[in-house]
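Okay, so here's the structure we're looking at.
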Amino acid sequence: MPGTEFQTTLSVGTRLDRYGDIRTDTDFLAAANTPLGQRALPAGSENLPRIQLEVVKPLPVQQSNIMPWFDQPGMGVQYQTTMGTTGMTVQQLINMGYLKVVK
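All residue numbers for the sequence shown refer to the numbering used here, where the first residue is 1 and numbers rise by one.
This is the structure we're talking about:
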């Protein structure tokens, strides 16, 4: 949400997740277990795979609140990886050992 952004570094062991596949341009993650309504995702998103990740190396990101959208309240916490100092997508961060997929 505009005006709520700030730079932060996620600690090793922080759990994150997202609904939907990780594509080459994926750069948004949410705090693990953020309720669907707080993510402001479109209807049907609950049927997408939920990918869970863990921070393996300290990870600089841009943190912000999620804007209400799709008739959802939003206001959960999201992290944009390409706006952090690494400038990397989620897939690049996995490849470089910053993140790992967990079950």
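C-beta: ideal position from N, C-alpha, C; glycine also.
Asked                                                                                                                                : Found
Which term fits Ala40, buried or exposed, when burial requires 16 or more other beta carbons within 10 angstroms of its beta carbon? : buried
So the alpha helix (DSSP H) Ile51 belongs to, where does it begin and stop?                                                          : First-last for Ile51: Arg50 to Val55, but that is the beta strand (DSSP E), not the alpha helix (DSSP H).
Among Glu5, Thr89, Arg18 and Thr81, whose alpha-carbon lies nearest the alpha-carbon of Ser45?                                       : Arg18
If Val55 sits next to Gly13, beta carbons under 8 Å apart, how far is it from one beta carbon to the other, in whole angstroms?      : 6 Å
Could you give the C-beta distance for Leu16 and Ala30, rounded to a whole number, given that I count them as a contact under 8 Å?   : 7 Å
Val102: which of Phe28, Thr4 and Leu53 sits nearest, CA to CA?                                                                       : Leu53
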